[in-house]
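Enquirer:
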Amino acid sequence: MLSLARAAGLVALVTAVGLLALNAAYVAGRSGAALDPAAWGRVLGATQFGAVWLLRTGVLLLLTALLWAREREDSTADWAALRGESWLLAAVGAGALAWAGHAAAVEADGGAALGADLLHLVAAGVWLGALGPLHLLLRAASRPEGADARPYAVLAARRFSRIALLAMLGLVATGLWNAWEQLGDIPSLLGTRYGWLLLLKVALLVPILALAAVNRSRLVPALPGDAETVGRPAMARLARFVAAEWTLALAILAVVAVLGATPPGKHEAPWWPLNFRLSWDAVAAIPGVRTRVLIGGQIVVVGVLGLIVAVLLARARALAALAGVALVTIGLWVALPPLSVDAYPTTYRRTTVPYQASSIAHGEALYRSHCVLCHGPAGWGDGPAGGGLPKKPADLTAPHTAQHTAGDMYWWLTHGIPASGMPAFSAVLGEDDRWDLINYIRGLASGEQGRMLSATIEPNRPRIGAPDAAFAVGPAPSRTLKDFRGVKTVLLVLYSLPGSASRMATLARAYETLQALGTEVIAVPLDRGGSPIAGLGGNPPVYYPVVTEGAEEIAQAYGLFRRNLSPEGMKPDPSMPAHMEFLIDRAGYLRARWITGEPGASWAEIPALMAEIQALNRETPAAPPAEHVH
Amino acid sequence: MRLWRAVLLLNLALGLGLLMGFLAWGRPLGEARREVAELRGQAVTPGVERVFRARGVVRAIVPEINVIVLSHEDIAGFMPPMTMGFRAQDPKLYDGVKVGDVLAFTLRGVPPNVVITELRKEGTL
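Chains as they are written, first to last, in the numbering used here: chain A, 1 to 630; chain B, 1001 to 1125.
1) Taking beta-carbon pairs under 7 Å, can you tell me which members of the region 529-544 of chain A lie near chain B?
2) What does the alpha-carbon distance come out to for the pair L259 (chain A) and N23 (chain A)?
3) Does V490 (chain A) have its Cβ less than 7 Å from a Cβ in chain B?
4) Taking 7 Å as the cut-off, decide whether the C-beta atoms of T519 (chain A) and T489 (chain A) are in contact.
5) What's the call for L565 (chain A), buried or exposed, on a 16-neighbour Cβ count within 10 Å?
6) CA-CA distance, A149 (chain A) and L1016 (chain B)?
7) Please name the residue, chosen from B:A1006, B:L1103, B:N1066 and B:R1055, that lies closest to P1080 (chain B) on a Cα-to-Cα basis.
8) Using the C-alpha atoms, what's the distance from V1048 (chain B) back to A555 (chain A)?
9) Looking at the structure shown, is P576 (chain A) part of a helix, part of a strand, or coil, going by DSSP?
10) Of all Cβ atoms in chain A, is any one closer than 7 Å to the Cβ of A1060 (chain B)?
11) Take A153 (chain A) and list the residues in its own chain whose beta-carbon comes closer than 6 Å to its own, dropping the five residues that flank it on each side.
12) Just the Cα atoms here: how many angstroms apart are A623 (chain A) and L583 (chain A)?
13) Measure the alpha-carbon distance for H630 (chain A) versus A282 (chain A) and round it to whole angstroms.
14) Helix, strand or coil for V1115 (chain B), going by three-state DSSP, please let me know.
15) Can you tell me the Cα-Cα spacing of A234 (chain A) and R218 (chain A), whole angstroms?
16) Figure out for me which residue from A:L119, A:L134 and A:V325 has the closest Cα to the Cα of V311 (chain A).
17) In the DSSP assignment, find the unbroken beta strand (DSSP E) run with D1101 (chain B) in it and report its ends.
18) Let's see if you can read the secondary structure: which residues bound the alpha helix (DSSP H) around V283 (chain A)?
19) What three-state label does DSSP hand W594 (chain A) in the structure shown?
20) Just to make sure I have the definition right: I need the residues of chain B whose C-beta is within less than 7 Å of the C-beta of D78 (chain A). Which are they?
21) So the candidates are B:G1096, B:G1077, B:V1062 and B:A1076; which of them puts its Cα closest to the Cα of F1086 (chain B)?
22) Buried or exposed: which applies to G306 (chain A), given that a residue is buried once 16 or more other Cβ atoms fall within 10 Å of its Cβ?
23) Taking A98 (chain A) as the reference, give the member of A:L62, A:W53 and A:A65 with the closest Cα.
24) Along chain A, which residues have their Cβ under 7 Å away from the Cβ of G1100 (chain B)?
25) Determine contact between the region 120-131 of chain A and the region 80-100 of chain A, defined as no fewer than three beta-carbon pairs at a distance below 8 Å.
26) For L373 (chain A) versus A385 (chain A), is the C-beta distance shorter than 7 Å?
27) For V631 (chain A), I'd like the list of residues in its chain whose CB is within less than 6 Å of its CB, leaving aside the five on either flank, ordered along the chain.
28) On the three-pair Cβ rule with 8 Å, is the region 607-621 of chain A touching the region 458-476 of chain A?
29) From Q48 (chain A) to L35 (chain A), what does the alpha carbon distance come to, in whole angstroms?
30) Which residue's Cα is closest to the Cα of P498 (chain A): A:G474, A:G537 and A:P467?
31) Out of A:T57, A:R56 and A:Y26, state which residue places its alpha-carbon closest to the alpha-carbon of R42 (chain A).
32) Rounded to the nearest angstrom, what separates V1114 (chain B) and A476 (chain A) at their Cα positions?
33) Over the uninterrupted beta strand (DSSP E) stretch that includes D342 (chain A), give me the two end residues.
34) From this set, A:A173, A:H135 and A:R83, which residue's C-alpha is nearest L121 (chain A)'s C-alpha?
35) Secondary structure at S359 (chain A), three-state DSSP: helix, strand or coil?
36) Return the bridge partner residues of R1050 (chain B) from the DSSP annotation.
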């Protein structure tokens, strides 16, 4: 047993040197650096991996030296000290790896992730390290000439059974927690390489747990039985099962090695492998869905109760279990189909281009040249060329767009919808272009939703996420609307001169008051060319930011919200009003809009505007709008 | 030699090593971080005359109190970008300057009491 541990110590040291060489080559970016002492020095001195490596290798050196030192164990204290120290050094050596892994890179909750990783590593070391020697002991003791070793083997098997249960519980708990930290959601589990490797790991773990269950419940209790008929055959079988567990565990280690070199799932775009997905949000609004899901859910609950009864009950166990399984199946069959929505490989792709004015403006240009013929100027699916297609082009502003993720739209844009006549644009539009189009379509749909916006806010009902926008005032560095989130409400004023001159002067006089209410006024000139700041003049002095860079994009993006319920606003492509004001709350939602001359409430009098701002100030802050559509 | 004594000594040495390592690197590192943070906080050394150069756009001119309001870019080592008023060393400096003009300007003085000593018009916004 001691020689085994000694050999393991040497293996650990040799592989540590190999690992350092590989890392040096990886950091330097050339294979020659693997043997270059200078590269080794850089890795050791300047990286976290290097620091962890030094600590680990130092501890392993000590451990190996301790194991190789042929000291006599004169007393119980010696015996305990040698084993305790070996255990401590081994645990430090295994646990130190936590600082070199993905968990160390998790920013939020770094301490908890490190702790979980540490526990995971130590538990894995305890379990895996004991399996091999246990197998050797059991095999030796199950032979006829190993009768002397049998009592020890029985004792060891019992002790291992207890420790392994603890270690396995710890492994599963910390493993689940880590997996959640590194994946974040189901699509990452099913759709990324990291997720697949994790599933493979779990798949390898299932037979291990089955073997362990048989060992614990049947074989270990049988060990002290009659040597010839019960005890020895059980021990031989246990030895084989432990060997099988060990082999599977080594396979898991191989998977872990690959995992370590794979970027965690949450950093990758998931590739959804199924042609459907389950989503409550997408279908909750469809009539009948709620009832069906509710009924199905109740049946599942009854079924689960049946299964619990089956576990507790001694008699009629099979019957209760059967009924439970049947009920769960029926319940799922009732509840799940209405929740399923068509899905595509890119369904859970996250947009790489933020929902921002510049992207929307670019998307609009692309829409005008590629989409407007069939989908129409307002996205209603009423374009002149749409009539001859096998299927009427989709109304891009309809509420059912809620059933589709941005990733779905990305798929259709990329591959087309052959049955309906929608062409594929992968050859025409680059990836970013497609996301720009999707952002524009989101803007179109939001603009349609924004028809009911007025100069009066709906308290506590934020609905429409305001597109972000970058802007600059003269030589000052550019800022974004997002910078004001959680800080200030924003009054975005789209104006044109000379019509807006008196309004802009009124706002200039009220600026100090508005600022005191926590509102920033941002003026966006609609006229192209000219000198916006000089044009507003110096009397009264204008201190609110006047956008000199980015104004055109903001005008285009927020122009999508010019649609209202007036006859002009109901046209597919209504004319751009000369003056519009938008109130954006602290969470980043578009809450109110005033178009000069529209009937109803008006902000012409500053106190009316202040009343709306104060209503926003009284609200409890909402969560910021989603970065992508669902 | 008794083994357990050796092990005890070994652990003592390890603990001592960790402690010394922390004293040698951990503590100075923490102190260095604190110093950097402090230096960032007070980038301006008090009592010394300084010169800053930056660009800004004129938002208002108030000759009665000799103030010119600028939306300016970051003034390195003094203040982040913002809109604020500056006094001119000589009111004649802003003769002919209008709202909307982009200026390259020089500030001179003992912070926070600085005045515009030079300005050059670069264009109009």
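By construction, the Cβ of each residue, glycine as well, lies at the ideal position given by its N, Cα and C atoms. The model shown is predicted, which means the values in this text are computed figures rather than measured ones.
Expert: Short version:
1) S531, P532, I533, A534, G537, G538, P541, V542 and Y543
2) 16 Å
3) no
4) yes
5) exposed
6) 42 Å
7) B:R1055
8) 47 Å
9) It should be noted that the sequence gives Met, not Pro, for residue 576 (chain A). Three-state DSSP puts M576 (chain A) in coil, outside helix and strand.
10) yes
11) L137, L138 and A141
12) 17 Å
13) Low per-residue confidence applies at H630 (chain A): pLDDT is 46, beneath 50, and the placement is therefore not dependable enough to give any value.
14) strand
15) 9 Å
16) A:V325
17) D1101 to V1110
18) W280 to V283
19) strand
20) R1002, L1003 and W1004
21) B:V1062
22) buried
23) A:W53
24) S531, I533 and A534
25) yes
26) yes
27) Nothing in the structure corresponds to residue 631 (chain A), since chain A is present only between 1 and 630.
28) yes
29) 20 Å
30) A:G537
31) A:Y26
32) 20 Å
33) S340 to D342
34) A:A173
35) helix
36) B:G1109
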